[in-house]
Amino acid sequence: MAKTPGYKAVDMFQRAADGEIDFLWIMATNPAVSLPASATVRRALERCEYVVVSDCTTATETARYADLLLPAMPWGEKDGTVTNSERMISRQRAFRSPRGAARADWEVVTDVAARLGFSSAFPYRKPADIFREHSALSGYENEGGRIFNISDFAEITDQQYDELRPARWPTRLSDDRPFSAGEFPTPSGKARMVAVRPELPQLAADPDEQADLPRLTLNTGRFRDQWHT
Numbered sequence: 010m011a012k013t014p015g016y017k018a019v020d021m022f023q024r025a026a027d028g029e030i031d032f033l034w035i036m037a038t039n040p041a042v043s044l045p046a047s048a049t050v051r052r053a054l055e056r057c058e059y060v061v062v063s064d065c066t067t068a069t070e071t072a073r074y075a076d077l078l079l080p081a082m083p084w085g086e087k088d089g090t091v092t093n094s095e096r097m098i099s100r101q102r103a104f105r106s107p108r109g110a111a112r113a114d115w116e117v118v119t120d121v122a123a124r125l126g127f128s129s130a131f132p133y134r135k136p137a138d139i140f141r142e143h144s145a146l147s148g149y150e151n152e153g154g155r156i157f158n159i160s161d162f163a164e165i166t167d168q169q170y171d172e173l174r175p176a177r178w179p180t181r182l183s184d185d186r187p188f189s190a191g192e193f194p195t196p197s198g199k200a201r202m203v204a205v206r207p208e209l210p211q212l213a214a215d216p217d218e219q220a221d222l223p224r225l226t227l228n229t230g231r232f233r234d235q236w237h238t
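The numbering used here numbers the first residue of the sequence shown as 10 and each following residue consecutively.
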């Protein structure tokens, strides 16, 4: 386990562009388009000594920079869980078998770990194994200091995992909503608020001139039917 936090995505690609990172493995994302400072990202991908891309399609801007392109499963072939923005965990069940040489990301990572000599730390045989470990870690040394806690699922059976119904975390046996007691997981117990002064768009003083201005819609990757790239 790493003892210190790793680089965030933007910082990581900056370090790669600066020549500090020689290997990148990109899974299920298209940073050449979706990250800010795309010119820096492309420079990083060009400069990086070896780039692996795992994706379900070859037609991405990032895949063009891959030294090795691994076939991944699209969402309809994946088995696991999905957590939405209201903390609801739902089972994701595949509705068709994988096509061609496509494999689950976790299987590929597990195989690579074994070849590197870390098989004892990656003993997974199915998604349920990973979910149980993830659930147990959420409760490790967690005496209320971290809101995320799904350790109730740490001992579920394979059948219970297969039949898992949607559940909202934290899953401790309580009806309380997060922050309902007015306490937050900070040293002071208080919420940390950041006051900002919004910069409104500059509008033409003359309403007639405003009507003639072109309208621009900025897609930040959050429309329902257009997510990232």
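C-beta: ideal position from N, C-alpha, C; glycine also.
Need the endpoints of the alpha helix (DSSP H) that F140 sits in, please. Segment 136-148, the alpha helix (DSSP H) holding F140.
Figure out for me which residue from L77, T67, P187, A113 has the closest Cα to the Cα of C57. Looking only at L77, T67, P187, A113, the smallest Cα-Cα distance to C57 is reached by L77.
Which parts of the segment 74-129 are runs of the alpha helix (DSSP H), unbroken and 4 residues or longer, counting only runs that do not cross its ends? Counting only runs of at least 4 residues, the segment 74-129 fully encloses the following alpha helix (DSSP H) elements, listed from N- to C-terminal order: 114-124.
So, under 8 Å CB-CB, E95 and R186 are touching, yes? Tell me the CB distance rounded to an integer number of Å. With 8 Å as the limit, E95 and R186 do not qualify as a contact, their Cβ atoms being about 11 Å apart.
Would you grab the beta carbon distance between P40 and T71 for me? Rounded to a whole angstrom, and I think it's under 8 Å. Contact between P40 and T71 holds: CB atoms are separated by about 6 Å, below the 8 Å threshold.
Buried or exposed by the 16-neighbour rule on C-beta atoms within 10 Å, applied to P179: By the 10 Å Cβ count, P179 comes out buried.
Could you tell me whether the segment 110-129 touches the segment 145-156, using the rule of 3 or more Cβ pairs below 8 Å? No contact exists between the segment 110-129 and the segment 145-156.
Could you tell me the distance, in whole angstroms, from the CA atom of R206 to the CA atom of M97? Roughly 32 Å separates the two Cα atoms.
Between the C-alpha atoms of I159 and V121, what's the straight-line distance to the nearest angstrom? Roughly 28 Å separates the two Cα atoms.
Measure the alpha-carbon distance for R105 versus V91 and round it to whole angstroms. Answer to the nearest angstrom: the Cα atoms are 18 Å apart.
Cβ of E86 within 8 Å of Cβ of A75? Taking 8 Å as the cut-off, the Cβ atoms of E86 and A75 do not count as close.
Could you check which residue in E172, A130, W84 has the C-alpha nearest to that of D114? Out of E172, A130, W84, W84 has the C-alpha closest to the C-alpha of D114.
According to the Cβ coordinates, are A111 and P80 closer than 8 Å? Yes. Within cutoff.
Helix or strand or just coil, what does DSSP make of M202? The answer is coil: DSSP assigns M202 none of H, G, I, E or B.
Start and end residues, beta strand (DSSP E) containing F241: Residue numbering for the chain in the displayed model covers 10 to 238; residue 241 lies beyond these limits and cannot be assessed.
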